[in-house]
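Numbering that gives the first Met the number 0 puts the first residue of the sequence shown at 0, with every later residue one more than the last.
Each residue gets a CB set at the ideal place from its N, CA and C atoms; glycine is no exception.
Here the structure is a predicted model, which means the values were calculated and not measured.
Notes to accompany the following structure.
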Amino acid sequence: MALRSPIYLDTETLLSQAEYYGLKIPQQAEIVEKSVRRQAGGGKAGVGAFGLEASKGTDVEFQSTYSLQPKQKATFSKLIDALINDADAVKVDPDGETPLVRDDLVQIEGTTRITAASLAGKMFFILRRLMDTVDANLESLRNLDLEDLPFAEQLQQVYLQNELLPIPILLELTGSNLPQKVYVNVPPDHFLGEASANRIEGELRVLGSISRLIPGGGDGYLSAEQWLLHDWEHMMRRFMMLDVDDHVRQLVSHFDLDLPAEDVHSHIAGPAIIVDAIGLY
Numbered sequence: 000m001a002l003r004s005p006i007y008l009d010t011e012t013l014l015s016q017a018e019y020y021g022l023k024i025p026q027q028a029e030i031v032e033k034s035v036r037r038q039a040g041g042g043k044a045g046v047g048a049f050g051l052e053a054s055k056g057t058d059v060e061f062q063s064t065y066s067l068q069p070k071q072k073a074t075f076s077k078l079i080d081a082l083i084n085d086a087d088a089v090k091v092d093p094d095g096e097t098p099l100v101r102d103d104l105v106q107i108e109g110t111t112r113i114t115a116a117s118l119a120g121k122m123f124f125i126l127r128r129l130m131d132t133v134d135a136n137l138e139s140l141r142n143l144d145l146e147d148l149p150f151a152e153q154l155q156q157v158y159l160q161n162e163l164l165p166i167p168i169l170l171e172l173t174g175s176n177l178p179q180k181v182y183v184n185v186p187p188d189h190f191l192g193e194a195s196a197n198r199i200e201g202e203l204r205v206l207g208s209i210s211r212l213i214p215g216g217g218d219g220y221l222s223a224e225q226w227l228l229h230d231w232e233h234m235m236r237r238f239m240m241l242d243v244d245d246h247v248r249q250l251v252s253h254f255d256l257d258l259p260a261e262d263v264h265s266h267i268a269g270p271a272i273i274v275d276a277i278g279l280y
């Protein structure tokens, strides 16, 4: 195999998988952590529709990233090759005839895009951080009106800046050999170089483990709350999920997003699989 140039790599999980399959583990590669990037604004931003008011100067934290030296990149690329070829641990480009179970390692190639649920997750992440510093009128949270929000400009900046917030991202991957839908869960803080939305949309190969197999039929669905309401308290999640479908559709309309009609809003419909990303390249 050729040398891989990953844009995302969870090195700890990759090393754990290699150790499990009895592969020779290299010494832990030196990881050079970059400083967390923050954006701060000036002035005040009232949030009247929510019954909130807070300073616009509150920092918006983005994902931390890291870098690998060329030698380290080669080391991890060889480790992936060993998992695929020597340990026969990875099911490469599985199709409808490939038996799949939870925790299977797979490598799937296709076209990725960010789902509406993850786009809405940005808005709810900002709101959650704002609620840490002010008293919230919970009932007003169910009556979101993006057109009336005094902090709409701040939201617009977050969406247009392209940086990824420190929350998990849900991608849909199309064009694979599998008959069911394929979704990719991308946990934060494992990006190499820049953590930006445009780097994770397009033609990619995904190495990861299957975390969910969602059956078809009336009972085949999974709540998308872990991507919509990351870091929200359990009961608050229950409260917000009552109207989250409407909030996501409103967000898509407000920002004039061109998304498929059957995109993920409040839940993922089966048949589908969810792959927890270890590497994107």
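- Relative to Arg-128, the option among Pro-165, Ser-63, Ala-268 whose CA is nearest is Pro-165.
- With a cutoff of 8 angstroms on beta-carbon distance, Ala-223 and His-266 are scored as near each other.
- For Leu-203, same chain residues with a beta-carbon under 6 angstroms away, outside a window of 5 residues either side, are Thr-111, Leu-279 in chain order.
- Between Leu-163 and Ala-194 the beta-carbon gap is near 5 angstroms, inside 8 angstroms, which marks them as a contact.
- Boundaries of the alpha helix (DSSP H) around Tyr-19: 10–19.
- Shortest Cα-Cα distance from Val-183 to any of Gln-249, Ala-271, Phe-238, Lys-77 involves Ala-271.
- If the five residues before and after Asn-161 are omitted, its C-beta is found closer than 7 angstroms to the C-beta atoms of Ser-195, Ala-196, Asn-197, all from its own chain and listed in chain order.
- The three-state reading of DSSP puts Leu-177 in coil, since its state is none of H, G, I, E or B.
- When DSSP states are grouped into helix, strand and coil, Val-91 belongs to the strand group.
- Taking a C-beta distance under 8 angstroms as the contact criterion, Arg-101 and Ser-210 qualify as a contact pair.
- Judged by their CB atoms, Arg-3 and Ser-63 are not nearer to each other than the 8 angstroms cut-off.
- By the neighbour-count criterion, in which a residue is buried when 16 or more other Cβ atoms sit within 10 angstroms of its Cβ, Ile-24 is exposed.
- For a cut-off of 8 angstroms, the C-beta gap from Leu-227 to Ala-119 is around 6 angstroms, short enough to register as a contact.
- In the DSSP assignment, Thr-64 falls within the unbroken beta strand (DSSP E) covering 64–66.
- Per DSSP, reduced to three states, the secondary structure at Glu-224 is helical.
- Rounded to the nearest angstrom, the Cβ distance from Asp-103 to Lys-90 is 6 angstroms, consistent with a contact under 8 angstroms.
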